[in-house]
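Visitor: Residue numbers (my numbering): 1058 to 1117.
The structure is given below, and queries will be raised subsequently.
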Amino acid sequence: MESADLIQLMDQIEEKKIGWDVVEEKVKVSHDILKLYAQSGPVPVTLINNLKKLVEEGAE
1058 MESADLIQLM
1068 DQIEEKKIGW
1078 DVVEEKVKVS
1088 HDILKLYAQS
1098 GPVPVTLINN
1108 LKKLVEEGAE
């Protein structure tokens, strides 16, 4: 997937005020790695799907 998709999801996470500690726990990827993917390109589909699911569900 494209970095733009990841950036959009990261923005939605910020808007919903979901803590990055919660995101890291749910998707098993650190915030630093997410930022690297956002800058450098192809993002694994499973990561995008997990983030989409997290945004839809909220922090819970």
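All residues carry an ideal CB built from backbone N, CA and C; glycine is no exception.
Quantities reported herein were computed from a predicted structural model and do not represent experimental measurements.
Going by other Cβ atoms of all chains shown within 10 Å of its Cβ, with 16 needed for buried, is isoleucine 1070 buried or exposed?
Guide: buried
Visitor: Under a three-way DSSP split, which group does isoleucine 1075 fall into?
Guide: coil
Visitor: Let me know the secondary structure DSSP gives valine 1100 once reduced to three states.
Guide: In the structure shown, valine 1100 falls within a coil segment according to DSSP collapsed to helix, strand and coil.
Visitor: To the nearest angstrom, how far is the alpha carbon of asparagine 1107 from that of glycine 1098?
Guide: 17 Å
Visitor: Between leucine 1066 and valine 1112, how many whole angstroms is the CB-CB distance? I'm expecting something under 8 Å.
Guide: 6 Å
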